[in-house]
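For the sequence shown, my numbering assigns the number 254 to the initial residue and increments by one for each residue that follows. Even for Gly, the Cβ is constructed at its ideal location relative to N, Cα and C. What follows is one structure encoded as structure tokens, with my remarks underneath.
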Amino acid sequence: MACTAAYVDAVSRAGGDPVIVPPVLLDDESASVRLSRFDGLLLTGGGDIDPALYGQETRPEVAHVNPARDEFEIPLVRAAIDRALPTLCICRGAQVLNVALGGTLHQHISDREELVAHRNDDGSDGVLHEVRAQPGSRVMKAMGVERARTFSHHHQALADVGTGLVPVAWAEDGLLEGVELDDGWVLGVQWHAEATAAADPTQQAIFDALVREASNR
Ligand code: MN
Numbered sequence: 254m255a256c257t258a259a260y261v262d263a264v265s266r267a268g269g270d271p272v273i274v275p276p277v278l279l280d281d282e283s284a285s286v287r288l289s290r291f292d293g294l295l296l297t298g299g300g301d302i303d304p305a306l307y308g309q310e311t312r313p314e315v316a317h318v319n320p321a322r323d324e325f326e327i328p329l330v331r332a333a334i335d336r337a338l339p340t341l342c343i344c345r346g347a348q349v350l351n352v353a354l355g356g357t358l359h360q361h362i363s364d365r366e367e368l369v370a371h372r373n374d375d376g377s378d379g380v381l382h383e384v385r386a387q388p389g390s391r392v393m394k395a396m397g398v399e400r401a402r403t404f405s406h407h408h409q410a411l412a413d414v415g416t417g418l419v420p421v422a423w424a425e426d427g428l429l430e431g432v433e434l435d436d437g438w439v440l441g442v443q444w445h446a447e448a449t450a451a452a453d454p455t456q457q458a459i460f461d462a463l464v465r466e467a468s469n470r
């Protein structure tokens, strides 16, 4: 999933002023300068991260690797954390956040029979599954509930959690679906909150929280 209108709509409904930024070559310093105009950051879904960036050989199921996007988003999310910018990272975004902080991914979970479906077999669309959020976590406080039905469309998942990140949400099969920074409003969710936000207030509330945090900086 690329930057569909659903992200823009969810941020707009929250009262935010969304700006889409295309990938450009960044280093840590230029990433920080790039962010100086913004009050918050939203990393969207997309293809797989190059496994070399988390120290693994590439499995054959890895798809849609976009090195330019990896090289853009990893410095960007690190700079956002340095600047204490409220940051919401969705699906691939959550994986970028984790890898940027030294975490690793499961490269392909779709053939693990002990798991619920996290995408349709043909990869064309998502499925709904429940997530359970840690009481008191930022993501739980944003949603206002501990359990939510979420739109899932991923064949990879967070494995080892990056430095400073705390596991805060899980699918019903125990798969890690949410992490957040222990210090600062930086959330990574494996599910597509934007896909159901128009109809589900618990999911819109995640964008509302991002915009509220960004407004209060
Ligand atoms: Mn899922």
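- Unbroken beta strand (DSSP E) stretches of 3 residues or longer found wholly inside the segment 284-331: 294-296, given in chain order.
- Per DSSP, the continuous beta strand (DSSP E) segment holding L381 begins and ends at V380 to A386.
- Residue pairing by DSSP places R402 opposite E383 in a beta bridge.
- The beta carbon of V274 sits closer than 8 Å to the beta carbons of R287 from its chain, once the five residues preceding and following it are set aside; these are given in chain order.
- In this structure, V414 sits away from G355, with a CB-CB distance that is not shorter than 7 Å.
- Here E433 is bridged, per DSSP, to V419 and L440.
- DSSP lists L358 as the beta-bridge partner residues of L411.
- Cβ-Cβ separation between V261 and L296: approximately 14 Å, too far for a contact (criterion under 8 Å).
- In this structure T340 touches G293 by the C-beta definition: roughly 7 Å separates them, less than 8 Å.
- Counted as a single uninterrupted DSSP element, the stretch harbouring I343 is not any alpha helix (DSSP H) but the beta strand (DSSP E) occupying residues T340 to I343.
- Ordered along the chain, residues surrounding the ligand MN are H371, H382, S405, H407, A424, E430, Q443 and W444 [Cβ under 6 Å from any heavy atom].
- In the structure shown, the three-state DSSP call for A451 is coil.
- Membership of D262 in the alpha helix (DSSP H) is indicated by the continuous run A258 to R266.
- Going by beta carbons, A267 and F460 fall inside the 7 Å limit.
- With respect to the 7 Å criterion, V392 and L429 are not classified as neighbours on the basis of their beta carbons.
- Between the segment 448-458 and the segment 399-406 there are three or more C-beta pairs closer than 8 Å, enough to call the two in contact.
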